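Colleague: In this note's numbering, the protein residues as written are 457 to 845.
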């Protein structure tokens, strides 16, 4: 016995291996407040545990079917257990539908002749003058167009004379398009901006003008630094989703052009001035309604000389064969703003841009299928001359 123990040697102590618990994978489910999610199970559930019942709760329909109801914004864990089901770990992320919404803002900048604006029935302050001399509200919101067909000119004119608030988005767009074809209006820009709830977005179509700035140095010399100032068509907006049918909108459109007639000569630099038209407003509108901002005028005067070609250019005597007159052109800037709600989780069909046919890459099966003859096609026989020939 002693020899056997000596052969086996002294007993050894083996450290116990730690038992690693099985990790259940976590399934993530995202729901908006007030939404429900039905869940079918592969086996019977006997125990349901909800970490935070204020965020979500679970209703057991039967032993293999439950419904998860989202109650408030937040995050919670749900554990489903059963004898044969095992354990399922669900992480429920509940978000507010309003906070996840985004605002798409379609803006149209149009320069319209002042005479055309007066013919439309809108005064300089944006109010509508009816036939009896009374004034009605001129600046307002326009509802979405009901019919897809563009309105006729007579119906558009009659609607505008009865008040701008009765116009639809399709009416005003059709009218401006008609005036562009006649040369009475021109579109400056039509940007579409997308921003989150309570986020800001900006747009600039133009450029930046360098402006030299003189600064004295410590040794008494003058240092010239260059600062850039943007000009052109600019837009800043901030939107807030108040509800599914109301948007609070703050817009600041601006149109600026270079004015070399009032340029400033500084240290050998000819710096043009900026002619700026700017407006800012905060208003509550419904999705699909259009807000019109107007009253930003522009007046240009030019001396037009007319006469008989050749004779009008003779010194002194040319005045007898020519005449000159001042021509004044007045225009007004119209800004049409139309907000829309956009949910990135549930895009509408019109928000999804399909790929063009030439940009789609066909699968390999289609390429092979084009090379094979159709299954019902008869085998082609070689061209053999008829018998007797």
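All C-beta atoms in this analysis are idealised placements derived from N, C-alpha and C, irrespective of residue type, glycine included.
This one's a predicted model, so the numbers in the text were calculated from it and none came from an experiment.
With a threshold of 9 Å between beta carbons, is residue 501 in contact with chain C?
Modeller: Absent from the structure is chain C; it holds one protein chain and no more.
Colleague: What residue from 795, 490 and 677 has the CA that sits closest to residue 746's CA?
Modeller: As a working mapping, residue 746 is identified with position 290 in the chain shown. Among 795, 490 and 677, the Cα nearest to that of residue 746 is on 795.
Colleague: Does the Cβ of residue 726 have 16 or more other Cβ atoms within 10 Å, making it buried, or fewer, making it exposed?
Modeller: Stepping through the chain shown from its first residue, residue 726 is reached at position 270. Exposed, because fewer than 16 other Cβ atoms sit within 10 Å of the Cβ of residue 726.
Colleague: From residue 799 to residue 658, what does the alpha carbon distance come to, in whole angstroms?
Modeller: Your numbering for residue 799 matches position 343 in the chain shown. Your numbering for residue 658 matches position 202 in the chain shown. Going from the Cα of residue 799 to the Cα of residue 658 covers about 20 Å.
Colleague: What's the gap between the Cα of residue 761 and the Cα of residue 786?
Modeller: Stepping through the chain shown from its first residue, residue 761 is reached at position 305. Stepping through the chain shown from its first residue, residue 786 is reached at position 330. C-alpha separation (whole angstroms): 20 Å.
Colleague: Can you grab the Cα-Cα spacing for the pair residue 603 / residue 631, in whole Å?
Modeller: Walking along the chain shown from the start, residue 603 turns up at place 147. Walking along the chain shown from the start, residue 631 turns up at place 175. Note on residue 603: pLDDT 36, under 50, position unreliable in the model; the coordinate value appears next. Cα to Cα, residue 603 sits roughly 16 Å from residue 631.
Colleague: Do residue 550 and residue 506 have their C-beta atoms closer together than 9 Å?
Modeller: On the chain shown, position 94 is the one that residue 550 refers to. On the chain shown, position 50 is the one that residue 506 refers to. Between residue 550 and residue 506, the CB-CB gap reaches or exceeds 9 Å.
Colleague: Determine the contact status of residue 501 and residue 515, defining contact as a CB-CB distance below 9 Å.
Modeller: Position 45 of the chain shown, counted from the start, is the residue given in the question as residue 501. Position 59 of the chain shown, counted from the start, is the residue given in the question as residue 515. No, Cβ-Cβ distance for residue 501 and residue 515 is not below 9 Å.
Colleague: Report the option in 504, 529, 696 and 517 whose CA atom is closest to the CA atom of residue 510.
Modeller: Along the chain shown, read from residue 1 onward, the residue named residue 510 stands at position 54. Minimum Cα distance to residue 510 is reached at 529.
Colleague: Output the boundary residues of the beta strand (DSSP E) element that contains residue 702.
Modeller: Reading the chain shown from its first residue, position 246 is the one you call residue 702. Bounds of the beta strand (DSSP E) holding residue 702 are 702-722.
Colleague: Can you tell which of 729, 779, 513 and 482 has its C-alpha closest to the C-alpha of residue 493?
Modeller: As a working note, residue 493 is residue 37 in the chain shown. When only C-alpha atoms are compared, the closest one is 513.
Colleague: Helix or strand or just coil, what does DSSP make of residue 499?
Modeller: Locating residue 499 in the chain shown gives position 43, where the first residue counts as 1. DSSP places residue 499 in coil when its eight states are reduced to three.
Colleague: Determine the extent of the beta strand (DSSP E) in which residue 696 is found, giving its start and end residues.
Modeller: Within the chain shown, the letter at position 240 stands for residue 696. That run of the beta strand (DSSP E) goes 678-699.
Colleague: Give a yes or no on whether the C-beta atoms belonging to residue 707 and residue 693 are separated by under 9 Å.
Modeller: Counted from its first residue, the chain shown places residue 707 at position 251. Counted from its first residue, the chain shown places residue 693 at position 237. Cβ atoms of residue 707 and residue 693: closer than 9 Å.
Colleague: Can you pull the DSSP bridge partners for residue 654?
Modeller: Here residue 654 is taken as the residue at index 198 of the chain shown, counted from 1. In DSSP, residue 654 forms no bridge with anything.
Colleague: Going by CA-CA distance only, name the one from 767, 643, 730 and 557 that's closest to residue 567.
Modeller: Within the chain shown, numbered from 1, the residue matching residue 567 stands at position 111. The option with the nearest alpha carbon to residue 567 is 643.
Colleague: On the criterion of 16 or more Cβ atoms from any shown chain inside 10 Å, does residue 709 qualify as buried, or is it exposed?
Modeller: Numbered from 1 along the chain shown, position 253 holds the residue referred to as residue 709. Residue 709 is buried by the Cβ-count criterion.
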